[in-house]
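> The number in our numbering is simply the position in the sequence shown, starting from 1, with 29 added.
Ideal placement from N, C-alpha and C gives every residue a C-beta, glycine not left out.
As the structure is a prediction and not an experimental result, all values here were calculated from the model.
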Amino acid sequence: MSRIKREVEAAINLSPLTCYRMRTGKCSLDVVLSHYLPKAPKIDANDLLFCPRLYQSMRRRRRLNSIAAALFKCGHLEVIARHQKACIAGRKGIALAVRPAEDSGSSKCPVCESQLTFDNNSGTTSFVRLNIFYESLE
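1) Note down, in chain order, each residue of its chain lying with its Cβ closer than 8 angstroms to the Cβ of Thr154, except the 5 sequence neighbours on either side.
2) Val140 by DSSP, collapsed to three states: which one?
3) Give me the Cα-Cα distance between Glu107 and Leu62, rounded to the nearest whole angstrom.
4) How would you write the range of the beta strand (DSSP E) that Pro129 sits in, first residue to last?
5) Throw me the rounded Cβ distance for the Arg35 and Ile117 pair, which I believe falls under 8 angstroms.
6) Can you name the start and end residues of the beta strand (DSSP E) that Ser95 belongs to?
7) For a quick check, are the C-beta atoms of Met80 and Ser95 less than 7 angstroms apart?
8) What is the rounded straight-line gap between the Cα of Leu83 and the Cα of Arg128?
9) Give a yes or no on whether the C-beta atoms belonging to Asn75 and Arg52 are separated by under 7 angstroms.
10) Based on Cα-Cα distance, which residue from Phe101, His105 and Gln113 lies nearest to Glu38?
11) What is the residue span of the beta strand (DSSP E) that Ala110 lies within?
12) Between Val157 and Pro67, what straight-line distance do the alpha-carbon atoms span, to the nearest angstrom?
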């Protein structure tokens, strides 16, 4: 078994209900600059402190940095689960482990589709460059 590491273009789906930036226009990672984040009860994904806390957790527990994604033959990914983790990793340069998703829900690559239609970052789909690794059985 070998570890394969590379940089890929990935599609993530965020909405105003799951992302502070989509709700307000400003990324919470740029707004919250404090290194100390107080403990608080569970918060929503579109809350100001959600992504800074998740980023802090990702830095501490690197072995838990994984996402589920659909892998396309063109080499692109579509993130199926943990979209916020993928967004943070793209912005902060954190490598993520990729687990192939059981069912991607689509047979067409959203990254290639947007390149064909010149439709970049339309609606709730955003594109990020990720450093990924996955285990090969070869």
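Let's see:
1) Cβ within range, chain order: Ala40, Ile41, Asn42, Pro139 and Ser143.
2) In the three-state scheme derived from DSSP, where H, G and I count as helix and E and B as strand, Val140 is classed as helix.
3) Glu107 and Leu62 have their C-alpha atoms roughly 30 angstroms apart.
4) DSSP places Pro129 in the uninterrupted beta strand (DSSP E) bounded by Leu125 to Pro129.
5) Cβ-Cβ separation between Arg35 and Ile117: approximately 19 angstroms, too far for a contact (criterion under 8 angstroms).
6) Where Ser95 is concerned, the enclosing beta strand (DSSP E) stretches over Ser95 to Leu100.
7) Position check: residue 80 holds Cys in this sequence, whereas Met was assumed. In this structure, Cys80 lies away from Ser95, with their beta-carbon atoms at least 7 angstroms apart.
8) Approximately 19 angstroms, taken between the alpha carbons.
9) For the pair Asn75 and Arg52, the CB atoms are nearer than the 7 angstroms cut-off.
10) Nearest C-alpha to Glu38: His105.
11) If you look at Ala110, you'll find it in the beta strand (DSSP E) that goes Leu106 to Ala110.
12) Straight-line Cα distance between these residues: approximately 29 angstroms.
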